[in-house]
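A.B. asks:
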């Protein structure tokens, strides 16, 4: 018998001072049976970082040919491709050729550091690729926000994300490994 996805609802209020973007929305996230809560929350945080009414979660782990989230334009082109984890260079190349901008969120400290050392030179050739890293400590604190029904306030200023819910407050700082041109 196949396991079903677990559904999470997130009411999110985003005030992005860096982009002058303000959004109040409700998101539905399906957590694949093989997905950890850490990964689910990083996916939600990536959405918050690029908050836009048109930014949509895709089938994610269920579809190898799609990103975690994307922002499609009126012509069905991809303006933003959001990827999580430590993909191989072939997948990054595909993302960079299909989208105007690619945002990759790396995590898992030991593996991520090794992956970055092995791929840094090759990935530098993609001018539309940005790579951010979130360390294990911050990711663990972010996971404390995970409940099946979330109500989150997010303020983004000077690259930092202040996230809060009725019980938790957290200031998140990504490490920038590569910034698109």
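In this note's numbering, the protein residues as written are 1397 to 1577. No residue lacks a Cβ here, since even glycine has one placed at the ideal position from N, Cα and C. Nothing here was measured: the structure is a model prediction, and the numbers come from that model.
In whole angstroms, give me the CA-to-CA distance for residue 1367 and residue 1519.
C.D. replies: In the structure as shown, the chain starts at 1397 and stops at 1577, and residue 1367 therefore has no counterpart that could be examined.
A.B. asks: Beta carbon of residue 1447, beta carbon of residue 1425: below 8 Å?
C.D. replies: Cβ distance not < 8 Å, so residue 1447 and residue 1425 don't count as in contact.
A.B. asks: Just reading off the beta strand (DSSP E) that residue 1565 is part of, what are its end residues?
C.D. replies: Residues 1565–1568.
A.B. asks: Would you check if the distance between the CB atom of residue 1433 and the CB atom of residue 1539 is smaller than 8 Å?
C.D. replies: Cβ distance < 8 Å, so residue 1433 and residue 1539 count as in contact.
A.B. asks: Hey, how far is the Cα of residue 1411 from the Cα of residue 1567?
C.D. replies: Whole-angstrom Cα-Cα distance: 14 Å.
A.B. asks: Have a look at 1488, 1550, 1554, 1439 and flag the residue whose alpha-carbon is nearest the alpha-carbon of residue 1524.
C.D. replies: Nearest option by C-alpha distance: 1488.
A.B. asks: Residue 1521 and residue 1575 look like a contact to me (Cβ under 8 Å); what is the Cβ gap, rounded to whole Å?
C.D. replies: In fact, because the Cβ distance is near 14 Å, the residues do not count as touching under 8 Å.
A.B. asks: Round the Cβ separation of residue 1548 and residue 1438 to the nearest angstrom and send it over; I've been treating them as touching at under 8 Å.
C.D. replies: In fact, because the Cβ distance is near 14 Å, the residues do not count as touching under 8 Å.
A.B. asks: Fully enclosed by the segment 1464–1549, which beta strand (DSSP E) runs are 3 residues long or longer?
C.D. replies: Counting whole runs of 3 or more residues, the segment 1464–1549 contains the beta strand (DSSP E) stretches 1465–1468, 1474–1480, 1495–1502, 1525–1529.
A.B. asks: Alpha carbon to alpha carbon, what distance is there between residue 1564 and residue 1517?
C.D. replies: In a straight line, the C-alpha of residue 1517 is about 39 Å away from that of residue 1564.
A.B. asks: Taking the C-alpha atoms as reference points, what is the distance between residue 1558 and residue 1491?
C.D. replies: Their Cα atoms are separated by approximately 29 Å.
A.B. asks: Using only alpha-carbon positions, find the residue among 1423, 1502, 1402, 1454 that is nearest to residue 1468.
C.D. replies: For the residues 1423, 1502, 1402, 1454, the minimum Cα distance to residue 1468 belongs to 1454.
A.B. asks: Just the Cα atoms here: how many angstroms apart are residue 1551 and residue 1413?
C.D. replies: One C-alpha to the other measures close to 7 Å.
A.B. asks: Mapping the DSSP letters down to three states, classify residue 1411 as helix, strand or coil.
C.D. replies: Correct three-state label for residue 1411: strand.
A.B. asks: Do residue 1500 and residue 1435 have their CB atoms nearer than 8 Å?
C.D. replies: Taking 8 Å as the Cβ cut-off, residue 1500 and residue 1435 do not qualify as a contacting pair.
A.B. asks: Looking at the secondary structure, which residues open and close the beta strand (DSSP E) in which residue 1556 lies?
C.D. replies: First-last of the beta strand (DSSP E) with residue 1556: 1556–1560.
A.B. asks: Quick check on residue 1442: does DSSP put it in helix, strand or coil?
C.D. replies: It is helical.
A.B. asks: What is the DSSP secondary structure of residue 1455, counted as helix, strand or coil?
C.D. replies: Three-state result, residue 1455: coil.
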